[in-house]
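Peer 1: Numbering (the numbering used here), first residue to last: 295 to 464.
Even glycine gets a Cβ: it sits at the ideal position worked out from N, Cα and C.
Next up is a structure, given as C-alpha coordinates.
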Amino acid sequence: MRYCVQPATAKDVALLVLAMGDEDAGDTEYDGDGEQKPLDHLLNAFLSSTEVWAAHDPQGQPCALWGVSPTSHDFEVGRFWLLTCEEVETQPHDLVALSIIVLPEMLTSYSRLESIVDSQNARALALLQGLGFTVEPPSFHEPTGRRCHRVWIEADASTLAQETRPGLLN
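Structure below.
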(Lines of atoms letter the chains of each structure in order from A and count residues from 1; the text may use other names and numbers.)
(Lines give C-alpha, C1' and ligand atoms only; values in the text may rest on other atoms or scores of the structure.)
Protein backbone atom coordinates (compact mmCIF):
# COMPACT_ATOMS: atom_id res chain seq x y z
CA MET A 1 0.00 0.00 0.00
CA ARG A 2 1.09 3.60 -0.52
CA TYR A 3 1.78 5.71 2.60
CA CYS A 4 2.90 9.25 3.28
CA VAL A 5 5.09 9.78 6.36
CA GLN A 6 5.26 13.24 7.92
CA PRO A 7 5.30 14.93 11.33
CA ALA A 8 2.11 14.09 13.22
CA THR A 9 -0.54 16.52 14.35
CA ALA A 10 -2.90 16.34 17.31
CA LYS A 11 -5.62 15.50 14.79
CA ASP A 12 -3.66 12.41 13.66
CA VAL A 13 -3.41 11.20 17.24
CA ALA A 14 -7.09 11.87 17.91
CA LEU A 15 -8.22 10.02 14.77
CA LEU A 16 -6.10 6.97 15.54
CA VAL A 17 -7.10 6.93 19.21
CA LEU A 18 -10.80 7.26 18.32
CA ALA A 19 -10.46 4.21 16.08
CA MET A 20 -9.19 2.25 19.09
CA GLY A 21 -10.98 1.03 22.18
CA ASP A 22 -9.38 0.85 25.62
CA GLU A 23 -8.94 -2.89 25.10
CA ASP A 24 -6.80 -2.21 21.99
CA ALA A 25 -4.40 -0.07 24.01
CA GLY A 26 -3.71 -2.73 26.61
CA ASP A 27 -0.05 -3.19 25.68
CA THR A 28 0.96 0.35 26.57
CA GLU A 29 3.41 1.01 29.36
CA TYR A 30 2.18 2.83 32.43
CA ASP A 31 4.17 5.28 34.50
CA GLY A 32 2.99 3.88 37.80
CA ASP A 33 -0.30 5.80 37.89
CA GLY A 34 -2.75 2.93 38.16
CA GLU A 35 -5.68 5.33 37.75
CA GLN A 36 -4.67 6.37 34.25
CA LYS A 37 -6.57 4.70 31.40
CA PRO A 38 -4.52 3.33 28.47
CA LEU A 39 -5.87 5.86 25.94
CA ASP A 40 -5.16 8.73 28.34
CA HIS A 41 -1.63 7.40 28.62
CA LEU A 42 -1.25 7.47 24.83
CA LEU A 43 -2.44 11.07 24.67
CA ASN A 44 0.01 12.03 27.41
CA ALA A 45 2.79 10.25 25.51
CA PHE A 46 2.00 12.40 22.47
CA LEU A 47 2.01 15.60 24.51
CA SER A 48 5.37 14.79 26.13
CA SER A 49 7.08 13.67 22.92
CA THR A 50 9.70 15.77 21.19
CA GLU A 51 9.00 14.11 17.83
CA VAL A 52 5.91 12.30 16.56
CA TRP A 53 5.62 10.93 13.02
CA ALA A 54 2.48 9.71 11.28
CA ALA A 55 1.97 7.40 8.31
CA HIS A 56 -1.14 8.26 6.32
CA ASP A 57 -2.94 5.95 3.91
CA PRO A 58 -4.06 7.12 0.43
CA GLN A 59 -7.27 8.53 1.93
CA GLY A 60 -5.23 10.69 4.33
CA GLN A 61 -6.16 8.67 7.42
CA PRO A 62 -3.39 8.07 9.97
CA CYS A 63 -2.55 4.38 10.31
CA ALA A 64 0.65 4.46 12.39
CA LEU A 65 2.31 6.85 14.85
CA TRP A 66 5.89 6.80 16.14
CA GLY A 67 6.90 9.07 19.01
CA VAL A 68 9.94 9.70 21.18
CA SER A 69 10.68 11.75 24.29
CA PRO A 70 13.76 12.09 26.48
CA THR A 71 14.02 9.74 29.43
CA SER A 72 14.00 11.37 32.85
CA HIS A 73 17.43 10.01 33.78
CA ASP A 74 19.34 10.81 30.53
CA PHE A 75 18.29 13.38 27.94
CA GLU A 76 20.49 11.71 25.31
CA VAL A 77 18.29 8.61 25.49
CA GLY A 78 14.89 8.68 23.82
CA ARG A 79 11.93 6.64 25.05
CA PHE A 80 10.10 5.65 21.88
CA TRP A 81 6.58 4.38 21.31
CA LEU A 82 4.60 3.04 18.37
CA LEU A 83 0.87 2.89 17.78
CA THR A 84 -0.64 1.22 14.72
CA CYS A 85 -4.03 0.45 13.32
CA GLU A 86 -5.01 -3.05 12.26
CA GLU A 87 -4.45 -2.21 8.57
CA VAL A 88 -0.70 -1.77 9.10
CA GLU A 89 -0.36 -4.53 11.71
CA THR A 90 -1.51 -7.09 9.14
CA GLN A 91 1.16 -5.88 6.68
CA PRO A 92 4.46 -6.45 8.53
CA HIS A 93 6.57 -5.58 5.47
CA ASP A 94 4.92 -2.14 5.31
CA LEU A 95 5.48 -1.56 9.03
CA VAL A 96 9.17 -2.47 8.69
CA ALA A 97 9.59 -0.20 5.66
CA LEU A 98 7.87 2.70 7.42
CA SER A 99 9.92 2.18 10.59
CA ILE A 100 13.12 2.27 8.52
CA ILE A 101 12.12 5.77 7.44
CA VAL A 102 11.19 7.07 10.90
CA LEU A 103 13.76 5.53 13.28
CA PRO A 104 16.87 7.13 11.69
CA GLU A 105 15.16 10.51 12.08
CA MET A 106 14.71 9.83 15.80
CA LEU A 107 18.31 8.69 16.08
CA THR A 108 19.54 12.07 14.84
CA SER A 109 18.09 13.62 18.02
CA TYR A 110 18.96 10.87 20.50
CA SER A 111 22.08 8.75 20.85
CA ARG A 112 19.95 5.79 21.87
CA LEU A 113 16.30 4.73 21.67
CA GLU A 114 14.78 2.42 24.25
CA SER A 115 11.44 1.16 25.46
CA ILE A 116 9.75 -1.51 27.54
CA VAL A 117 7.71 -4.19 25.72
CA ASP A 118 5.38 -6.69 27.36
CA SER A 119 6.82 -10.19 26.96
CA GLN A 120 3.47 -11.38 25.56
CA ASN A 121 3.67 -8.90 22.65
CA ALA A 122 5.53 -11.26 20.30
CA ARG A 123 4.70 -9.22 17.19
CA ALA A 124 6.31 -6.03 18.55
CA LEU A 125 9.34 -7.93 19.84
CA ALA A 126 9.87 -9.62 16.45
CA LEU A 127 9.52 -6.28 14.62
CA LEU A 128 12.03 -4.53 16.87
CA GLN A 129 14.50 -7.39 16.79
CA GLY A 130 14.23 -7.49 12.99
CA LEU A 131 15.02 -3.77 12.86
CA GLY A 132 18.22 -4.34 14.85
CA PHE A 133 17.09 -3.53 18.39
CA THR A 134 18.67 -5.42 21.26
CA VAL A 135 15.96 -7.30 23.17
CA GLU A 136 17.00 -8.03 26.75
CA PRO A 137 15.63 -11.05 28.63
CA PRO A 138 12.28 -10.42 30.31
CA SER A 139 12.12 -9.25 33.90
CA PHE A 140 9.39 -8.09 36.24
CA HIS A 141 8.37 -4.49 35.45
CA GLU A 142 6.98 -3.07 38.67
CA PRO A 143 4.89 -0.19 37.21
CA THR A 144 2.88 -2.58 35.01
CA GLY A 145 3.06 -5.72 37.13
CA ARG A 146 4.10 -7.64 34.01
CA ARG A 147 7.13 -9.42 32.67
CA CYS A 148 8.65 -7.08 30.09
CA HIS A 149 11.67 -6.82 27.82
CA ARG A 150 13.83 -3.72 27.69
CA VAL A 151 14.62 -3.00 24.03
CA TRP A 152 17.17 -0.52 22.70
CA ILE A 153 19.28 0.57 19.74
CA GLU A 154 22.26 2.92 19.55
CA ALA A 155 22.39 5.79 17.04
CA ASP A 156 25.66 4.53 15.63
CA ALA A 157 24.34 0.99 15.20
CA SER A 158 24.87 -0.20 11.67
CA THR A 159 22.28 -2.87 12.40
CA LEU A 160 19.26 -0.67 11.68
CA ALA A 161 18.17 -2.13 8.37
CA GLN A 162 18.75 0.43 5.63
CA GLU A 163 17.09 -1.58 2.90
CA THR A 164 16.23 0.10 -0.35
CA ARG A 165 13.25 2.22 0.50
CA PRO A 166 10.26 1.37 -1.65
CA GLY A 167 9.43 4.24 -3.98
CA LEU A 168 5.79 4.24 -2.91
CA LEU A 169 6.39 5.21 0.69
CA ASN A 170 6.96 8.94 0.44
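Which whole-angstrom value describes the C-beta separation of Leu422 and Val445, a residue pair presumed to lie in contact below a C-beta threshold of 8 Å?
Peer 2: Indexing the sequence shown from 1 puts residue 422 at position 128. Indexing the sequence shown from 1 puts residue 445 at position 151. Confirmed, about 5 Å.
Peer 1: Going by DSSP, name the residue or residues bridged to Asp412.
Peer 2: As a position in the sequence shown, residue 412 is number 118, starting the count at 1. Paired residue(s): Cys442.
Peer 1: Which full runs of the alpha helix (DSSP H) of 4+ residues lie inside the segment 324-396, going along the chain?
Peer 2: Entirely contained in the segment 324-396, the alpha helix (DSSP H) runs reaching 4 residues are, in chain order, 332-342 and 380-383.
Peer 1: DSSP puts Pro301 in a beta bridge; with which residues?
Peer 2: Locating residue 301 in the sequence shown gives position 7, where the first residue counts as 1. Paired residue(s): Trp347.
Peer 1: How is Glu457 classed by DSSP in three states: helix, strand or coil?
Peer 2: In the sequence shown, counting from the first residue as 1, residue 457 sits at position 163. Its pLDDT being 47, under 50, Glu457 is placed unreliably by the model, and the measurement read from it follows with that caveat. Glu457: coil per DSSP, three-state reduction.
Peer 1: Quick check on the DSSP output: the beta strand (DSSP E) that includes Phe434 runs from which residue to which?
Peer 2: In the sequence shown, residue 434 corresponds to position 140, counting from 1. Unbroken beta strand (DSSP E) run through Phe434: Ser433 to His435.
Peer 1: What would DSSP say about Glu448, mapped onto helix, strand or coil?
Peer 2: Taking the sequence shown and counting its residues from 1, the one referred to as residue 448 is at position 154. Three-state result, Glu448: strand.
Peer 1: Do Ala348 and Val299 have their C-beta atoms closer together than 9 Å?
Peer 2: By one-based count along the sequence shown, residue 348 stands at place 54. By one-based count along the sequence shown, residue 299 stands at place 5. Yes. Within cutoff.
Peer 1: With DSSP as the reference, identify every bridge partner of Val429, one or two as the case may be.
Peer 2: As a working mapping, residue 429 is identified with position 135 in the sequence shown. DSSP lists Val445 as partners of Val429.
Peer 1: Name the residue from Thr365, Val429 and Lys305 whose alpha carbon lies nearest to the alpha carbon of Ala416.
Peer 2: Here the question's residue 416 lines up with position 122 in the sequence shown. It is Val429.
Peer 1: State yes or no: is the C-beta of Val371 within less than 9 Å of the C-beta of Val346?
Peer 2: Taking the sequence shown and counting its residues from 1, one reaches residue 371 at position 77. Taking the sequence shown and counting its residues from 1, one reaches residue 346 at position 52. It is not a contact, given that the beta carbons lie outside the stated cut-off.
Peer 1: So is His367 buried or exposed if we call it buried at 16+ other beta carbons inside 10 Å?
Peer 2: Start at 1 with the first residue of the sequence shown, and residue 367 comes out as number 73. His367 is exposed by the Cβ-count criterion.
Peer 1: So for Arg296, helix, strand or coil by DSSP?
Peer 2: Position 2 of the sequence shown, counted from the first residue, corresponds to residue 296. Of the three classes helix, strand and coil, the one that applies to Arg296 here is coil, per DSSP.
Peer 1: What would DSSP say about Leu407, mapped onto helix, strand or coil?
Peer 2: Along the sequence shown, read from residue 1 onward, the residue named residue 407 stands at position 113. In this structure, Leu407 counts as strand in the three-state DSSP scheme.
Peer 1: Nearest by alpha-carbon distance to Phe340: which of Asp351, Gly354, Gln353 and Leu359 is it?
Peer 2: Within the sequence shown, residue 340 is the residue found at index 46, counting from 1. Per the Cα distances, Leu359.
Peer 1: Can you look up Ala418 in the DSSP assignment and give me helix, strand or coil?
Peer 2: Mapped onto the sequence shown, residue 418 falls at position 124. Of the three classes helix, strand and coil, the one that applies to Ala418 here is helix, per DSSP.
Peer 1: When the Cα atoms are used, what is the spatial distance from Pro364 to Gln385?
Peer 2: Indexing the sequence shown from 1 puts residue 364 at position 70. Indexing the sequence shown from 1 puts residue 385 at position 91. One C-alpha to the other measures close to 30 Å.
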